[in-house]
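Protein chains in written order, with the numbering used here: chain A, -1 to 153; chain B, -1 to 153; chain C, -1 to 153; chain D, -1 to 153. C-beta atoms are modelled at their ideal positions from N, C-alpha and C, and glycine is treated no differently.
Number of protein chains: 4
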Amino acid sequence: MGMARRIVGVIGAGECDETVSVMAEEVGRRLAEHHYVVLTGGRTGVMEAASRGAKQAGGLTVGILPGNDPQDANPHVDIPIATGLQDARNAIVARASEILIAIAGEYGTLSEIALALKMGRRVIGLGTWHIAKAVQVVETPQQAVADVIRYFETH
Amino acid sequence: MGMARRIVGVIGAGECDETVSVMAEEVGRRLAEHHYVVLTGGRTGVMEAASRGAKQAGGLTVGILPGNDPQDANPHVDIPIATGLQDARNAIVARASEILIAIAGEYGTLSEIALALKMGRRVIGLGTWHIAKAVQVVETPQQAVADVIRYFETH
Amino acid sequence: MGMARRIVGVIGAGECDETVSVMAEEVGRRLAEHHYVVLTGGRTGVMEAASRGAKQAGGLTVGILPGNDPQDANPHVDIPIATGLQDARNAIVARASEILIAIAGEYGTLSEIALALKMGRRVIGLGTWHIAKAVQVVETPQQAVADVIRYFETH
Amino acid sequence: MGMARRIVGVIGAGECDETVSVMAEEVGRRLAEHHYVVLTGGRTGVMEAASRGAKQAGGLTVGILPGNDPQDANPHVDIPIATGLQDARNAIVARASEILIAIAGEYGTLSEIALALKMGRRVIGLGTWHIAKAVQVVETPQQAVADVIRYFETH
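Shown next, in the form of structure tokens:
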């Protein structure tokens, strides 16, 4: 019966091309329009684009940082959580998200997808690793966020 | 040049008496009035009282939970960060806070104070462990929050 | 100039069929014959089989456990490291191994492969996830261990 | 009914004077003579002295390192466990030890004592923080190790 906000993780690489960046930004914006908190790894690339999009829509953004310094967060993170755990922070990104949208991504993203699936979290994939039937593949940011909305209607 | 909100940790035991609870609530309320994000371990006792106080003043609250389930947070936590790290989450509480107010507390709180001091974080103590000169002892919630304000004016 | 023993991680699922178990046991045995420490997640399935094989050859075994209790380790683990980190312990398995052999496996194993690659660790795959060219695919335990030996000759 | 070795944590600061170093070395030596595995944080000071003592008696030493590189271990660590967790590794040191001997120490040691007590681990103190009745104070390395032996006779 708490008032906790619903948290959606957006995961992807720290470097990405313009197409991926535009997708991540739209995902962030649409999530914020539906009042979800956008949680990322707090750094550059997909993480920054999703956070920027969320802020454009007046949303709230959390960054789970690998390092020690909250100032390592990109400028669109409202709540920088410096963990100091380095790569082990990927497990926190997966755990703290009720559902995740994976956009493109490298090994770090793959580890987050795998950890999230291990934890029983739902993962929606947008141009990302095709590793398992358990990742729900979509084609557009709009579809990804529609799936998130549908998920929360029943959970 | 980010827009990140300033985060103040409030640490203390999961069980506390009425006097301590009232102090923690006032600390939370005063921090929120000054627009600081109130970060706690997300559970009961001091953590819940500080979060409740912050929400009374319209503030924003984060809970760094030891377990796997965001629903373990007390009802006054806006952003529940389920870490699954159990006691190792105490290091995240210390690291993610720019400055901490310790109120009473048991061994868990002591570990957070010690970790915070190790990390070079400032710790303000209100009726808590007297372990080191490095903990800045105050007598009232008002003094504790005044010290926080002073800290951020110069950091 | 330390005397530290070389550590090889053997990763794979907590449940596995007989064929996989036999392979994991042979990997463990061969690693121990070459005096490598065999590090696993300390539990059942591939982890137990690899540890059992290593002990048959008089080797030394380490288990990085997700839970709180050293007694959760399988009976072939000499050094049970209870972490209490749950799934985040996968990052420790990857980090603490200088090189890893992945045998079959589910999502947990996939997360360890991905984390290891992210950390720049070499991963040798035996009937496991085909996720990237970076995983060096082999067909037999003998080949896997030969690759490990070759790796340490040059690192 | 496993064959797991009994693990004793020895904790203390990364810098220490000669008197403390001699004590730590004797603690390590006596523990190894009784076939306990000596687990430390793997670095310098008390950690190194205890490991050196253990190796003089032919013992086995484990180092739970804060950083990414097993080569950061002192030269008397047999099994370097690189965690990459930085200060959060202190929780692993506490958790992985069945019982701990604290020798002198700074804030990091204090955090390990507090975490160990929180986890219900027994802590024996040798010239360390006097924080609680729960720490069993002894005067000599001989007494510390005698207490460890007594503990394992009943646990």
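Using the C-alpha atoms, what's the distance from residue j back to residue i?
i                 : j                : result
Gly51 (chain A)   : Ala22 (chain A)  : 8 Å
Gln54 (chain D)   : Ala102 (chain D) : 22 Å
Thr138 (chain D)  : Arg4 (chain D)   : 22 Å
Ala86 (chain D)   : Leu113 (chain B) : 9 Å
Leu63 (chain D)   : Asp67 (chain C)  : 20 Å
Met(-1) (chain D) : His74 (chain C)  : Confidence at Met(-1) (chain D) is low in this model, with a pLDDT of 37, below 50, so its placement is unreliable and no value can be given for it.
Ser109 (chain C)  : Val135 (chain D) : 44 Å
Ile97 (chain C)   : Met45 (chain C)  : 16 Å
Ala197 (chain C)  : Tyr105 (chain D) : With chain C covering -1 to 153 only, the question about residue 197 (chain C) has no answer from this structure.
Ala47 (chain A)   : Thr59 (chain D)  : 46 Å
Ala144 (chain C)  : Ile79 (chain D)  : 24 Å
Leu29 (chain D)   : Ala92 (chain C)  : 30 Å
Glu24 (chain A)   : Ala11 (chain A)  : 16 Å
Gly43 (chain D)   : Ser95 (chain D)  : 19 Å
Gly56 (chain D)   : Gly26 (chain D)  : 10 Å
Ala142 (chain C)  : Gly39 (chain C)  : 19 Å
Val204 (chain B)  : Tyr34 (chain B)  : Lying before the first or after the last residue shown, residue 204 (chain B) is absent from chain B, which here runs from -1 to 153.
Thr17 (chain A)   : Leu115 (chain B) : 44 Å
Asp70 (chain B)   : Gly61 (chain B)  : 10 Å
Gly65 (chain B)   : Asn88 (chain B)  : 12 Å
Phe150 (chain A)  : Leu83 (chain B)  : 25 Å
His153 (chain C)  : Asn72 (chain D)  : 19 Å
Arg148 (chain A)  : Asp76 (chain B)  : 22 Å
To which residues does DSSP link residue i through a beta bridge?
i                : result
Pro78 (chain D)  : D:Gly61
Gly123 (chain D) : D:Ala100 and D:Val135
Thr38 (chain D)  : D:Gly61
Ile90 (chain C)  : BP columns for Ile90 (chain C) are empty, so no partner.
Val6 (chain B)   : B:Val36 and B:Ile97
Counting only C-beta atoms, is residue i closer than 9 Å to chain B at any point?
i                 : result
Gln84 (chain C)   : yes
Gly12 (chain C)   : no
Met(-1) (chain A) : Any answer about Met(-1) (chain A) is weak, because its pLDDT of 38 lies below 50 and its placement is not dependable; what the coordinates show is given next. Output row for Met(-1) (chain A): interface = yes.
Using a Cβ cut-off of 9 Å (strictly closer), state whether residue i contacts chain D.
i                : result
Asn88 (chain A)  : no
Ala100 (chain B) : no
Pro73 (chain C)  : yes
Does the CB of residue i have a neighbour CB from chain A at under 9 Å?
i                : result
Gln69 (chain B)  : yes
Thr81 (chain B)  : yes
Val8 (chain B)   : no
Ile129 (chain C) : yes
Ala92 (chain C)  : yes
Residues of chain C with CB under 9 Å from residue i, in chain order?
i                : result
Met188 (chain D) : Chain D is shown only over -1 to 153; residue 188 (chain D) falls outside these bounds and no answer can be derived.
Interface residues of chain B around residue i at Cβ under 8 Å?
i               : result
Ser95 (chain D) : Per Cβ cutoff of 8 Å: no residues; Ser95 (chain D) is ~13 Å from chain B at best.
Who are the neighbours of residue i on chain D, taking C-beta pairs under 7 Å?
i                : result
Gly106 (chain B) : Lys116
Ser109 (chain B) : Ser109, Ala112, Leu113 and Lys116
Does any CB atom of chain C fall closer than 9 Å to the CB of residue i?
i                : result
Asp76 (chain D)  : yes
Ile5 (chain D)   : yes
Met21 (chain D)  : no
Ala132 (chain A) : yes
Ala2 (chain D)   : yes
Leu58 (chain D)  : yes
Ile122 (chain A) : no
Can you list the residues of chain B that residue i reaches, using a CB-CB cut of under 7 Å?
i               : result
Ile62 (chain D) : Under the 7 Å cutoff, chain B gives no residues; its nearest Cβ is about 12 Å from Ile62 (chain D).
Pop quiz: residue i and residue j are said to be a contact at Cβ under 8 Å. What is the actual Cβ separation, rounded to whole angstroms?
i                : j                : result
Ser19 (chain A)  : Val36 (chain A)  : Contact doesn't hold; Cβ gap of about 15 Å is too wide.
Ala100 (chain A) : Gly118 (chain A) : So it is not a contact: roughly 16 Å between Cβ atoms.
Val121 (chain A) : Ala132 (chain A) : 7 Å
Ile90 (chain B)  : Thr81 (chain A)  : 5 Å
Ile129 (chain C) : Ile129 (chain A) : 7 Å
Determine the chain C residues that contact residue i at a beta-carbon separation under 7 Å, and present them in chain order.
i               : result
Val35 (chain D) : Ile77
Any beta carbon from chain E within less than 9 Å of residue i's own beta carbon?
i                : result
Ile129 (chain A) : Any reference to chain E falls outside this structure, whose protein chains are A, B, C and D.
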